[in-house]
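Asker: Counted from 1, the sequence shown has number 204 at position 201 by my numbering; the numbering is strictly sequential.
Ideal placement from N, C-alpha and C gives every residue a C-beta, glycine not left out.
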Amino acid sequence: MLKLVVLISGSGTNLQALLEALEASQATPNPIAARVVAIGADSPRANLAFADELGIPAFIVNPADYDSRASWGDALLEAVQQHQPDLTVLSGFMRLVPPRFVAALAPALLNTHPAYLPEFPGAHAVRDALAAGATQTGATIMIVDNGVDTGPIIDQVRILIEPDDHETTLHNRIKVAERKLLIDTVRGIADGTINLEEITA
Ligand code: GAR
Numbered sequence: 004m005l006k007l008v009v010l011i012s013g014s015g016t017n018l019q020a021l022l023e024a025l026e027a028s029q030a031t032p033n034p035i036a037a038r039v040v041a042i043g044a045d046s047p048r049a050n051l052a053f054a055d056e057l058g059i060p061a062f063i064v065n066p067a068d069y070d071s072r073a074s075w076g077d078a079l080l081e082a083v084q085q086h087q088p089d090l091t092v093l094s095g096f097m098r099l100v101p102p103r104f105v106a107a108l109a110p111a112l113l114n115t116h117p118a119y120l121p122e123f124p125g126a127h128a129v130r131d132a133l134a135a136g137a138t139q140t141g142a143t144i145m146i147v148d149n150g151v152d153t154g155p156i157i158d159q160v161r162i163l164i165e166p167d168d169h170e171t172t173l174h175n176r177i178k179v180a181e182r183k184l185l186i187d188t189v190r191g192i193a194d195g196t197i198n199l200e201e202i203t204a
């Protein structure tokens, strides 16, 4: 059973979709052999309510409580490692994780991104795609490295931008695709069809 720790900053809807998919798959002939063992956040404003409801341990490691990014990253790493994950997922975790965090966890450290990387990296990918007048964008799941959304890509999908799209409508459509990428990737890692070491080699 693949043990996951998932980190969020906001509403956590992609994580919720993953939790629902993991639960639903258990009643199918082909269950996903993965379990979320803890949910972490960088802010008390993140939506951890459903962790409580589901009885999943949750933790907050807030950079405001640390005097440097490196010491925050070390504390976050310790909180993650307490749960001994096989895979850590940044799912709408809106901070760059420091090099020691990456070195300790990658390649079993994934991020989802609401654009077709390398197009539109960074924290405002959906807004940036609209501002650029793009006719298409996408969703990507990748291994985290020390750059901003530069890690090895595991999978990605194109999403067309409609003429009347605004940030929310487009982001909601991207998230539907992101959720499928995340669920399929977790399934692939759990059943061995995706090998993260090979992707980084
Ligand atoms: C997702 O679209 C995720 O890709 C994005 O934040 C959203 C989180 O939504 N992450 C980034 O933009 C990271 N650069 P959620 O909290 O509802 O799951």
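1. I need the straight-line Cα distance from ILE35 to ASN17, nearest angstrom please.
2. Compute the Euclidean distance between the alpha carbons of ALA41 and ASP168, then round it to the nearest angstrom.
3. Any heavy atom of the ligand GAR closer than 7 Å to the Cβ of GLY154?
4. Do you know how far the Cα of ASP89 is from the Cα of ALA111?
5. At 4 residues or longer, what runs of the alpha helix (DSSP H) sit wholly inside the stretch 81 to 142?
6. Excluding the 5 residues flanking GLY191 on each side, which residues of the same chain have their C-beta closer than 7 Å to its C-beta?
7. Comparing alpha-carbon positions, which option in LEU108, LEU10 and VAL105 lies nearest ILE63?
8. Nearer than 7 Å: is that true of the beta carbon of HIS116 relative to any heavy atom of the ligand GAR?
9. Using a Cβ-based criterion (distance less than 7 Å to any ligand heavy atom), does GLY191 qualify as near the ligand GAR?
10. Excluding the 5 residues flanking ALA132 on each side, which residues of the same chain have their C-beta closer than 8 Å to its C-beta?
11. Distance check for VAL160 and ALA1, CA to CA, integer angstroms please.
12. ARG161 lies in the beta strand (DSSP E); which residues open and close that run?
13. Measuring CA to CA, which of VAL39, SER12 and PRO47 is closest to ALA24?
14. With distance defined between alpha-carbon atoms, name the residue in SER94, PRO155, ILE162 and LYS183 nearest to ALA204.
15. Return the first residue and the last residue of the alpha helix (DSSP H) that LEU185 is part of.
16. So, with DSSP's three-state summary, where would you put ILE59?
17. When you compare only the Cα positions, how much space is there between MET4 and SER94?
18. Closest to ASP158 by C-alpha separation, out of GLY150, ASP152, LEU185 and VAL147, would be which residue?
Answerer: According to the structure data:
1. Taking the sequence shown and counting its residues from 1, one reaches residue 35 at position 32. Taking the sequence shown and counting its residues from 1, one reaches residue 17 at position 14. In a straight line, the C-alpha of ILE35 is about 17 Å away from that of ASN17.
2. Locating residue 41 in the sequence shown gives position 38, counting from the first residue. Locating residue 168 in the sequence shown gives position 165, counting from the first residue. Approximately 35 Å between the Cα atoms of the pair.
3. Here residue 154 refers to the residue found at position 151 of the sequence shown. Incorrect: GLY154 has no Cβ contact closer than 7 Å to the ligand GAR.
4. Position 108 of the sequence shown, counted from the first residue, corresponds to residue 111. Position 86 of the sequence shown, counted from the first residue, corresponds to residue 89. Taking the straight line joining both Cα atoms gives about 7 Å.
5. 102 to 108 and 128 to 134
6. If you number the sequence shown from 1, residue 191 lands on position 188. Around GLY191: ILE197.
7. Counting from 1 along the sequence shown, the entry for residue 63 is found at position 60. Comparing Cα-Cα distances from ILE63 to each of LEU108, LEU10 and VAL105, the minimum goes to LEU10.
8. Here residue 116 refers to the residue found at position 113 when the sequence shown is read from its first residue. At least one heavy atom of the ligand GAR is nearer than 7 Å to the Cβ of HIS116, so yes.
9. Within the sequence shown, numbered from 1, the residue matching residue 191 stands at position 188. Every heavy atom of the ligand GAR is 7 Å or more from the Cβ of GLY191, so no.
10. As a working note, residue 132 is residue 129 in the sequence shown. Closer than 8 Å at the Cβ level, and outside the excluded window around ALA132, lie ALA118, GLU122, PHE123, THR140, ILE164 and LEU173.
11. With the chain covering 4 to 204 only, the question about residue 1 has no answer from this structure.
12. Position 158 of the sequence shown, counted from the first residue, corresponds to residue 161. Element bounds for ARG161: 156 to 163.
13. For this step, residue 24 is matched to residue 21 along the sequence shown. Minimum Cα distance to ALA24 is reached at VAL39.
14. Locating residue 204 in the sequence shown gives position 201, where the first residue counts as 1. Comparing Cα positions, the closest option is PRO155.
15. As a first step, residue 185 must be located in the sequence shown, where it is residue number 182. Counting along the chain, the alpha helix (DSSP H) containing LEU185 begins and ends at 170 to 194.
16. As a position in the sequence shown, residue 59 is number 56, starting the count at 1. Coil.
17. Walking along the sequence shown from the start, residue 4 turns up at place 1. Walking along the sequence shown from the start, residue 94 turns up at place 91. Taking the straight line from one Cα to the other gives about 20 Å.
18. As a position in the sequence shown, residue 158 is number 155, starting the count at 1. Nearest option by C-alpha distance: LEU185.
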